[in-house]
Amino acid sequence: MRRWETDRLAPGLVLLLVVALGMAGLGVPSASAASAPPAVNLTGYVHGPNVLALSGSGSYFINASGGPAVLPNGTVAGTIQYYASMAGSNLTGVSFFPANGTIGPKGLTAKLTVNNLTQTLVLHLLIASTYQTQNQSINLTDTVRVVRPYVLTATVVAGAQTILSFAATVSLDGRPVGSVTIPTLTPHQTYALTFDYPTLGLSSGWHTFTISVTHAHGLVEFAGGAQTYSQSFYIPPAPVNYTIWYIAGIAAFFGAIFIFVARVGARRRNRRK
0 MRRWETDRLA
10 PGLVLLLVVA
20 LGMAGLGVPS
30 ASAASAPPAV
40 NLTGYVHGPN
50 VLALSGSGSY
60 FINASGGPAV
70 LPNGTVAGTI
80 QYYASMAGSN
90 LTGVSFFPAN
100 GTIGPKGLTA
110 KLTVNNLTQT
120 LVLHLLIAST
130 YQTQNQSINL
140 TDTVRVVRPY
150 VLTATVVAGA
160 QTILSFAATV
170 SLDGRPVGSV
180 TIPTLTPHQT
190 YALTFDYPTL
200 GLSSGWHTFT
210 ISVTHAHGLV
220 EFAGGAQTYS
230 QSFYIPPAPV
240 NYTIWYIAGI
250 AAFFGAIFIF
260 VARVGARRRN
270 RRK
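With numbering that gives the first Met the number 0, the residue at position 23 of the sequence shown is 22, and numbering never jumps.
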């Protein structure tokens, strides 16, 4: 009798043992757990100038985070990569370097070089987050206008001592818009500097570029002996659009003809009566 009861209870004990192991987390992981979606979706961005001068270049900062490459606890276990391509009317001489790469925790910087044609370029970025068999991707775009820049030129002269390379700030109408690097100059050496200012347009009227070398402590000056140099230029107003006046004139002309015909017709009818 006891042996029969033991055999009967054995399957129940086995079942309880399996349940206990499962509750303790000792079972085999399920397929759904292995392919669980990432804790944070993939996000990314690209920052850089949206206007470049002819034959100019610009730096573009690329960063991304999330997706399968980043574990729920924030650990980066996989890789996040970008793949770049350009679109435009003429891509001869246009390059984005590096065209692809791995994005680290601090992001990375790439360089866009353009040709000497005025046009609109579109930067396309495919960013992919990958870990083992899982992957997620997003697409980013950035539009860049290539324009003919306003150009500032000046000549600086070193004094009696060698002056090391330094950057001089350029202002437009009193607002800093960039800088130009003056290389190391030996005593009495001259250097012709050029600063390109790309923009989508300036308002009509007079504008002034100003550049100063006062922080060089008198060791460098502009041709003529000044420490500050200014260059003014004039932007003419847009031509007047006479189209609306042409339309108004034509309307008035035909209106006058209509009134004249109406009056003549009325006189003729009155005479017949």
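Just so it is clear, CB atoms sit at the ideal spot from N, CA and C, and this is done for glycine as well.
- With distances taken between CA atoms, Ile210 lies nearest to Gln230 out of Leu199, Gln230, Ala222 and Gly217.
- Membership of Thr42 in the beta strand (DSSP E) is indicated by the continuous run Thr42 to His46.
- The Cβ atoms of Thr117 and Val155 do not sit closer than 7 angstroms to each other.
- For the 7 angstroms CB-CB criterion, Ala167 and Val179 form a contact.
- Straight through space, the alpha carbons of Gln133 and Ser202 are spaced by roughly 53 angstroms.
- In the DSSP assignment, Pro175 falls within the beta strand (DSSP E) that extends over Arg174 to Ile181.
- For the region 123-192, the continuous beta strand (DSSP E) assignments of 3+ residues that do not extend past its boundaries occur at 133-146, 149-157, 165-171 and 174-181, in sequence order.
- Residue range Val50 to Ala52 is occupied by the beta strand (DSSP E) that includes Val50.
- By the neighbour-count criterion, in which 16 or more other beta carbons inside 10 Å mark a residue as buried, Leu124 falls on the buried side.
- Assigned with DSSP and collapsed to three states, Ala215 falls in helix.
- Per DSSP, Asn89 has no beta bridge partner at all.
- Between Leu120 and Gly87, the C-beta gap is smaller than 7 angstroms, which places the two residues in contact.
- Under the criterion of beta carbons closer than 8 angstroms, Leu111 and Thr140 do not qualify as touching, at roughly 13 angstroms.
- Only buried fits Tyr149, as 16 or more other CB atoms lie within 10 angstroms of its CB.
- The C-beta separation of Ala157 from Leu184 comes to about 4 angstroms, placing the pair in contact by the 8 angstroms criterion.
- Considering only Leu151, Ala237 and His214, the residue with the shortest C-alpha distance to Gln226 is His214.
- DSSP, read as helix, strand or coil, puts Ile102 in coil.
- Counting of Cβ neighbours within 10 angstroms places Tyr82 among the exposed residues, the total staying below 16.
- A straight-line Cα-Cα distance of about 22 angstroms links Leu151 and Leu218.
- In this structure, Thr42 lies away from Gly77, with their beta-carbon atoms at least 7 angstroms apart.
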